[in-house]
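Chains as they are written, first to last, in the working numbering: chain A, 10 to 320; chain B, 10 to 320; chain C, 1327 to 1596; chain D, 1327 to 1596.
Even for Gly, the Cβ is constructed at its ideal location relative to N, Cα and C.
This one's a predicted model, so the numbers in the text were calculated from it and none came from an experiment.
This report refers to the structure that appears directly beneath it.
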Ligand SMILES: Cc1cc2nc3c(=O)[nH]c(=O)nc-3n(C[C@H](O)[C@H](O)[C@H](O)COP(=O)(O)OP(=O)(O)OC[C@H]3O[C@@H](n4cnc5c(N)ncnc54)[C@H](O)[C@@H]3O)c2cc1C
Ligand SMILES: Cc1cc2nc3c(=O)[nH]c(=O)nc-3n(C[C@H](O)[C@H](O)[C@H](O)COP(=O)(O)OP(=O)(O)OC[C@H]3O[C@@H](n4cnc5c(N)ncnc54)[C@H](O)[C@@H]3O)c2cc1C
Ligand SMILES: Cc1cc2nc3c(=O)[nH]c(=O)nc-3n(C[C@H](O)[C@H](O)[C@H](O)COP(=O)(O)O)c2cc1C
Ligand SMILES: Cc1cc2nc3c(=O)[nH]c(=O)nc-3n(C[C@H](O)[C@H](O)[C@H](O)COP(=O)(O)O)c2cc1C
Ligand code: FES
Ligand code: FES
């Protein structure tokens, strides 16, 4: 059995980024990488995308910040983070003790902040890629504006591109009419990879107190509820651009992950499911391996994009 | 108790449209109105929106047409319908035996088809309002194009407006960047009311057969999973236009319905929940009544839009 | 056709073969209005997960005491939840739904039943119906399953004077192979039926359809598709009219399995 | 602080007061690493509905036999599902989590426990902890509930030499009124505590906070907020630093109830 397992190749290549397997953990759902390390062997992961970083530390939105919905979670964290310096000095060295690709998720309120972040992180050793978050729907200024306008996307992505040689992932928001158009803009501006989706814009209110359930009034929906929406968006992107795509949204088990790979995503990220079952990501890696084995496939790349459309 | 019940007013007025209560059933989920009449007293409903009609009968999309997801249902019916003439001659007379507002949902592939439908239905007695479906994401030509472009929305809505004196509802798709902008276009073109949302664009694939789970490849997601998304869209519309809004999306019980009323929707429509529990809509009416009573409110209009934003 | 929604009391719920369970429900309104071949939509629990009701055919109807039975295979979340229920629990049921089996045409004496897997379910009720008829039909059951362990109550058909032909994919019982192989072989070697009834998975039904067309046979087929409403409003359960069309005919449009079916007439020359 | 994920076996699960249940679980790793005031995240069933884990404080820890108890109030879907479980069933549990109760400062002898409703849960373990200490603390419990029927195991505190002051909102038992009324009154009339521990619903904790500030008291408060991860990664459970800030101070930023809490120190002058 162990011998057999070794035969299945799970390595994937996304342009300049090579991953030991296609299963990463999504930004904002795995902290700075170490919180879950007593529960799982994090060096088994395809990659860890750390919590979104800004130049300065940010306090985030007023609570309440979470609402549970049917099959989903609405969050309005407001991109609370320790700031890029604290991350580089305090968090990253600990994370680098584990052998796992580290991807840094960044966001700014201005184009200049994005290029500044790129500049800072470009010089730091041990980072496998940058993921540009232009898609967080929770921050009133910044975020949402960039991610829903192709021109703004181009500006942000090229400013980051000019300031780093690191592999560049652009993470798209689903809250747009035509996500393919956004993907094209990012590719033209030099992104190596597209990841999608970030959370879906959502809201909840309390009929008894007659107040919004979130301090920020609106938030972003994640979890199993959004999986079919995410798959459709990934499909749209794949039909619009040639660069590798990372599928994100509601993935809770290996079947879900395989759905994204089947339509053509080269890798996936697991978000909300980490909260429910911290072992999800490592179990998905094993699940993909067994699925490939029992289907007589020796390489995950044979499965990726093998969706049959005729008939 | 019965005396007390009579005191609570549930009547709502949406511009030119008055309804006995704010709970309608949504297009495509209640057929032509009679299928459920052996299970519920349909004359208790606030209104019945019939299945979307085109000028000619349409066969719809190839099966499979349904996929169940976590908390949701993806459909790709493809707007199969009997055509407007069959509806007017065969279905409507039966429906009119019941005392319930009948709203006719219409769609066309061209602006001319919309105006033609409006012309035909304008002369028919017994219709309380028209609901313009510019939002079905399943029909490749037509539908989606109109609903995602403000200019197209204006064309369709004004062409219908010119051809009918009936109260006009424009039903919006959530699959846009800025639904407020779409609402504005519809209002400028003369719609009396906005309803939202139609289904959310979605997809599902079978990892074993490696085929899409829908004959149409993509479809529209409805059900509890989309409720927080729908509420946010309705909120956006309410912040963009002054006309009355009908909330739709994932409503399964009176608490859900009250959430939409709380943010300011003047009425709601129940869709997928009819399949699960055909009595949902009438139970929601009773649930709203008891909620208002136990909160000491005598009129549903006191509750509508009473969301407190300053905490 | 009135439809009822009943809180049905479970009278029994037991495993009757590998992966197959039988449930008896007290639902007087549904039981007395139902016909064999019709079905009901089950809400497996009072939650929104799983979201949709699940359709099951009546396996036997007992109008006298207001009960009916279903036979069901545990395949996913819904049926797993059902199999954990006990006598005394209640289930919310919508029915009876769809068009059930019709009697064979007047001339027919030799009747074949073709049942694939859990497709055996409605044949118990159909047999009850045919045995109540004044004509003494000669009934042959072809019943296929993946393995012998999955066969359900074959003795019922034997006791009711049917010729029983078992087929298993793994050869653990009866003919080694698909039921359609057995049917085609019997058909060529010995006899053709005057009429047939068929119920089983889609690939089997496709082969049955071809066999019926080739041999110019008449019969009825009970079909399964995904359903959301079960009452004809969602138009989600549709099946192409072409599936049932004869050799040359090409028909456009769709039939709702929940209304025009689940039992469809094949090769009807009237 | 290592965290464990255990399939814990339920040893008992019984109703102990109106709407309140007690569950004992066999979870050796968690039980032996845990401290009173810490909590665990429960996956109420092996499905994605409800989606999130539910947090519960340890009510008693029994390191010797690797078990712990929780006391929980049935308020929604998750706790309803839990209350239907039986001894022998298993639950997937993540713990121990957060910072638990700390010992009182050296000088403290008169200790008050303020428990509102199900906020009583962690006090059983806290009392065990304090009674193990060499100092013989004088402990007074103020315990409020909506009605007498909802009170849980008051005798435990009596048997362990606590003065017990019961308050009920409806006056069915003890002082008629809110626990904070009773605390404020006692505080003015007779004595002030050297130290206090408080656990209860948010509005109660807000009044306790004001009372502590007014009287310049030190203590610890166990807070509750919505949680997604319970381990500090989602940043969803945050509470404003300002909540705990002294009279004049205004602090920006947030504390994670699941990491910096759930037990926070109040009026700490060190
Ligand atoms: C008219 C009709 C009568 C039926 N009668 C019986 C019967 O008597 N006994 C019996 O065991 N089964 C019967 N079925 C099939 C039964 O409805 C499904 O097996 C059941 O819904 C599966 O539910 P689940 O939650 O356990 O599985 P799921 O997790 O929902 O699905 C497991 C598998 O079953 C398939 N499936 C799910 N729903 C349906 C559906 N509505 N129709 C067909 N396949 C589906 C899925 O595609 C999947 O492959 C009937 C179906 C129809 C349409
Ligand atoms: C650190 C901590 C320790 C706790 N200890 C206990 C305990 O020992 N005993 C006990 O009975 N309860 C305790 N709770 C509260 C308990 O977690 C909730 O009552 C439970 O999650 C409700 O789940 P449900 O599915 O039954 O209710 P739901 O249907 O989810 O909600 C019902 C109500 O409970 C509230 N609620 C839901 N989740 C939480 C949450 N995570 N925190 C606070 N409120 C929530 C909701 O806002 C709603 O008003 C604790 C909470 C925290 C954060
Ligand atoms: C609590 C929380 C915090 C998040 N923070 C970030 C973030 O900082 N940056 C980012 O790009 N995405 C963030 N996300 C989005 C996730 O990375 C992911 O795109 C989204 O949750 C969808 O995946 P899921 O359904 O698997 O959770 C966050 C999501 C959650 C639930
Ligand atoms: C099976 C099905 C068919 C539908 N057909 C139509 C239609 O013909 N016209 C239309 O405007 N909306 C149609 N809808 C959308 C619903 O009216 C409603 O907007 C949507 O389902 C969201 O509400 P829900 O979550 O309550 O179902 C259909 C929805 C479903 C599930
Ligand atoms: S299941 Fe809805 S029309 Fe058949
Ligand atoms: S619950 Fe996730 S950080 Fe506290």
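Spatially closest choice to residue i from the options, by CA coordinates
| i | options | result |
| --- | --- | --- |
| residue 1374 (chain D) | A:288, A:34, A:273 and A:81 | A:81 |
| residue 129 (chain B) | B:96, B:195, B:306 and B:118 | B:96 |
| residue 1466 (chain D) | D:1485, D:1476, D:1343 and D:1458 | D:1485 |
| residue 144 (chain B) | B:235, B:171 and B:206 | B:206 |
| residue 17 (chain B) | B:315, B:295, B:318 and B:314 | B:295 |
| residue 1369 (chain C) | C:1349, C:1348 and C:1404 | C:1404 |
| residue 266 (chain A) | A:245, A:301 and A:250 | A:301 |
| residue 1421 (chain D) | D:1545, D:1376, D:1558 and D:1568 | D:1558 |
| residue 84 (chain B) | C:1338, C:1443 and C:1562 | C:1562 |
| residue 1446 (chain D) | D:1396, D:1591 and D:1366 | D:1396 |
| residue 1385 (chain D) | D:1500, D:1566, D:1479 and D:1514 | D:1479 |
| residue 286 (chain B) | C:1419, C:1496, C:1347 and C:1415 | C:1419 |
| residue 53 (chain B) | B:22, B:293 and B:94 | B:293 |
Residue i - containing beta strand (DSSP E), residue span
| i | result |
| --- | --- |
| residue 86 (chain A) | Per DSSP, residue 86 (chain A) belongs to no beta strand (DSSP E) and is neither H nor E. |
| residue 115 (chain B) | 111 to 115 |
| residue 1598 (chain D) | Lying outside 1327 to 1596, the shown extent of chain D, residue 1598 (chain D) is not represented and no answer is given. |
| residue 142 (chain B) | 138 to 142 |
| residue 1550 (chain D) | Note, residue 1550 (chain D): premise wrong, no beta strand (DSSP E); not H, not E. |
| residue 237 (chain B) | From DSSP, residue 237 (chain B) is part of no beta strand (DSSP E) but of the alpha helix (DSSP H) over 236 to 247. |
| residue 210 (chain B) | 209 to 212 |
| residue 276 (chain B) | 276 to 279 |
Pair within 8 angstroms by beta-carbon distance, residue i and residue j
| i | j | result |
| --- | --- | --- |
| residue 1424 (chain C) | residue 1584 (chain C) | yes |
| residue 38 (chain A) | residue 269 (chain A) | no |
| residue 1548 (chain C) | residue 1363 (chain C) | yes |
| residue 136 (chain B) | residue 180 (chain B) | no |
| residue 41 (chain B) | residue 88 (chain B) | no |
| residue 196 (chain B) | residue 250 (chain B) | yes |
| residue 229 (chain B) | residue 211 (chain B) | yes |
Local Cβ density within 10 Å of residue i, reported as buried at 16 or more and exposed below that
| i | result |
| --- | --- |
| residue 1555 (chain C) | buried |
| residue 1540 (chain C) | exposed |
| residue 1576 (chain C) | exposed |
| residue 1413 (chain C) | exposed |
| residue 1333 (chain D) | exposed |
| residue 30 (chain A) | buried |
| residue 1340 (chain C) | exposed |
| residue 1327 (chain D) | exposed |
| residue 100 (chain B) | buried |
Residue interval of the alpha helix (DSSP H) (run including residue i)
| i | result |
| --- | --- |
| residue 65 (chain A) | Note, residue 65 (chain A): premise wrong, no alpha helix (DSSP H); not H, not E. |
| residue 1454 (chain C) | 1447 to 1458 |
| residue 310 (chain A) | 309 to 312 |
Supposed contact pair residue j and residue i - C-beta distance, whole angstroms, cut 8 angstroms
| i | j | result |
| --- | --- | --- |
| residue 280 (chain B) | residue 35 (chain B) | 4 angstroms |
| residue 1543 (chain C) | residue 1519 (chain C) | 7 angstroms |
| residue 1494 (chain D) | residue 1471 (chain D) | 6 angstroms |
| residue 1523 (chain C) | residue 1427 (chain C) | 6 angstroms |
| residue 1458 (chain D) | residue 48 (chain A) | No, residue 1458 (chain D) and residue 48 (chain A) are not in contact; Cβ-Cβ is about 30 angstroms, not under 8 angstroms. |
| residue 90 (chain B) | residue 72 (chain B) | With a Cβ gap of about 16 angstroms, residue 90 (chain B) and residue 72 (chain B) do not count as contacting. |
Legend entry - Cβ-based contacts, 8 angstroms cut-off: residues of the stretch 20 to 46 of chain B near chain F: The structure shown contains no chain F; its protein chains are A, B, C and D.
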